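According to the working numbering, the residues represented by the sequence shown are 35 to 373, in order.
For glycine and all other residues, C-beta sits at the position ideal for the given N, C-alpha and C.
Keep in mind that this is a model prediction, so the values were computed, not measured.
Step one of this worksheet: look at the structure below.
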Amino acid sequence: MSSIYYISKSDIVERVKGLKTDKLLLVVDENVLKSYEDFISNLKDLGKEVIVYKAKGTEGLKTLAYLEECLEFFIEKGAHRNCHLIAIGGGVTSDFAGLVASILLRGVSWSVIPTTLLAMVDAAIGGKTAVNSRFGKNLIGSFYQPDNIWIDSSFIETLPPEHIQSGRGEILKYILISSGIYRQAKDARTTFNALISSCAQFKKLLVEKDFKEIGERKILNLGHTFGHAIEKMYPISHGAAVYYGMRFIFELFDEKKNHEVLDEVTSALGWEFGSVPWKGEGIDVEKVMSYVSKDKKVAASGVLEIIRLKGAGTPYIDKIELAKLNELLIKRKANIDAL
C-alpha cells in the first residue's frame, strides 16, 4: 500500500534522493515544468540519471497514442526494471503515468507528487491508472499502487481558478459520503489543509480495505457515473462534473434532502458552482445513456451499480437496469433540465 507524506518541496527532493535506484523516469505536466523549474532542476541534481517525459496538462494526454509514445520514449532512453517513475502533476498525469509504470518492462516502481487540489484529495491516491477510450473515460487501465505520495499543498497557490473548483467538487463528494468530514466541513475552525488531509486519509483507508473496488471502495464513485457522461459532453473539469453528477442523481431520484445537504455544506464553505452546463438547452438523454451504458460499473447483465445517499455520511450501492434507467431519465428530464 502507498504511504502518504505531507512535506515541503525540499523534503520531497531528499526523499527522492534516498530512493534505491540509479535512474529516475519523470512524467511531468508541461505546466509544472514551466512553473517549477527550480524544483525540477533539484530533482535532476541528485547523482542519478534523470529522464523527463513532458506530458500534456490536459485530459487529451490520456490516449493510447500518448501511452505508446511515452513507453517507447523511456525504452529508447534505456529504462530498466530497477528504475523508479515519478508522476508530477494533476490527476491526468498520475492516471497516465501510473499506467505507464504498470506496464513498462512489466512494471516498475513509482511515486506521485500531486500538484493540483484534485490530485491531492483523490486522483493520486488509490492506484487506479488509466487512459480513455473513445467510448468513455478510464476504460483502459490497471490497479497499480504508487510506493509514495508526497504532498506539498503550496502547489495549490499557483493553480488557476478552474483547477481549484475541480478539487472542490471532489471534496464535496467526500463531505457527503463521510460523516466525519461532513462535521469537519461545517466547523468554521477547520482549515483547508485539514480538509485535504481528511479526504486523502479517508480514501487511503478505503483503498486498504478494498483495493480492487469490489465492495466498500465503490462509494467513492458518488457523482461519477453521470459525472463522467457530463464531462464527455461539456468542456468542464472532472471535479465540476462530479458536482453536477451529484446534482443529477439527486434530481433523478427526486431526493430534495440530499440537494439541501449539498447546498448546506457548499454555503458553509463559501463555494459556488453556478448553473448546470446544460442550462437552457436541456440534457440529451440519448447521449447520457450512450456514455452510461459503457460505464465500468455496468455488469454483464445490463445492470448498472450506482452510488446513492440516504443522507450525509450514509452512502449505499444501488442497482438499476439500463432499460429502467432510460425510462427514468425520460420521465425526470424536465426536472433535470430545470436544475
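Could you give the C-beta distance for residue i and residue j, rounded to a whole number, given that I count them as a contact under 8 Å?
| i | j | result |
| --- | --- | --- |
| M280 | K328 | That belief does not hold up - the Cβ atoms of M280 and K328 are roughly 21 Å apart, past 8 Å. |
| T127 | V61 | 6 Å |
| I283 | G257 | 7 Å |
| S188 | Y40 | So it is not a contact: roughly 11 Å between Cβ atoms. |
| S36 | N182 | 7 Å |
| S176 | S136 | 4 Å |
| D156 | C233 | 7 Å |
| G160 | K237 | 6 Å |
| I46 | I147 | 6 Å |
| Y325 | K266 | 5 Å |
| K330 | L338 | Going by Cβ atoms, the distance from K330 to L338 rounds to 10 Å, so no, they are not a contact pair. |
Beta-carbon within less than 6 Å of residue i's beta-carbon, same chain only, minus the 5 sequence neighbours each way: which residues are those?
| i | result |
| --- | --- |
| F307 | Y277 |
| G91 | D63, E64, N65 |
| N172 | A164 |
| I211 | I253, L256, P349 |
| D352 | I340, R342 |
| A89 | V61, D63, L95, T127 |
| V322 | A263 |
| N116 | T55 |
| Y216 | I209, A346, G347 |
| R251 | L240, D244 |
| F169 | K328 |
| Y100 | none |
| M154 | P148, I185, I230 |
| L139 | R115 |
To which residues of the same chain is residue i closer than 7 Å at the C-beta, ignoring the five residues directly before and after it?
| i | result |
| --- | --- |
| L303 | A219 |
| L193 | T150, L151 |
Between which two residues does the alpha helix (DSSP H) containing residue i stretch?
| i | result |
| --- | --- |
| R217 | 213-220 |
| K266 | 258-267 |
| I230 | 226-243 |
| F283 | Sequence inspection shows Ile at residue 283; the Phe mentioned does not correspond to that position. 272-286 is the span of the alpha helix (DSSP H), which, as asked, contains I283. |
| I253 | Segment: none, I253 is in no alpha helix (DSSP H) and carries neither H nor E. |
| I109 | 98-110 |
Whose CA, out of the options, lies closest to the CA of residue i?
| i | options | result |
| --- | --- | --- |
| L119 | A263, P180, I230 | P180 |
| S309 | K321, A275, N292 | A275 |
| E361 | P349, V86, L286 | L286 |
| V66 | I209, T150, K237 | T150 |
| L59 | F260, L240, S145, L373 | S145 |
| K43 | V142, K367, I185, E110 | I185 |
| A113 | K243, V241, S36, S143 | S143 |
| H293 | G345, D371, V50 | G345 |
| S335 | V84, V295, I354 | I354 |
| V50 | E102, D72, K243, L77 | L77 |
| V299 | V332, I205, E242, D288 | I205 |
| I109 | K358, D72, L356, G141 | G141 |
| I81 | K57, V134, D72 | Here residue 81 turns out to be Gly, not Ile, going by the sequence shown. It is K57 whose Cα lies nearest to the Cα of G81. |
| R202 | G214, L229, T224 | L229 |
| L356 | A333, D288, F107, Q235 | A333 |
| E102 | E247, V84, L53, L133 | L133 |
| E247 | K162, L296, S69 | K162 |
| Y386 | G52, E83, E106, I122 | Coverage of the chain is limited to positions 35 through 373, which leaves residue 386 absent and any answer about it impossible. |
| N369 | K358, S301, D297, D288 | D288 |
Excluding the 5 residues flanking residue i on each side, which residues of the same chain have their C-beta closer than 8 Å to its C-beta?
| i | result |
| --- | --- |
| Y268 | A275, P311, W312 |
| N166 | E93, K96, T97, N172, L173, I174 |
| V319 | N360, L363, I364, K367 |
| S200 | T150, L151, L152, S271, H272, G273, A274 |
| K291 | G345 |
| H197 | G124, T150, L151, L152, S271 |
Quick one: give me the first and last residue of the beta strand (DSSP E) that residue i is part of.
| i | result |
| --- | --- |
| A121 | 118-123 |
| I41 | From DSSP, I41 is part of no beta strand (DSSP E); its letter is neither H nor E. |
Segments of 3+ residues assigned as beta strand (DSSP E) that fall wholly inside the segment 131-205: Runs of the beta strand (DSSP E) lying entirely within the segment 131-205, each at least 3 residues long, are 143-148, 162-167, 170-177, 182-185 in chain order.
Alpha helix (DSSP H) runs wholly inside the segment 48-93, at least 4 long, in chain order: Counting whole runs of 4 or more residues, the segment 48-93 contains the alpha helix (DSSP H) stretches 64-69, 71-78.
Complete alpha helix (DSSP H) runs within the segment 299-371 (minimum length 4 residues, chain order): Qualifying alpha helix (DSSP H) stretches, in chain order: 319-326, 356-371.
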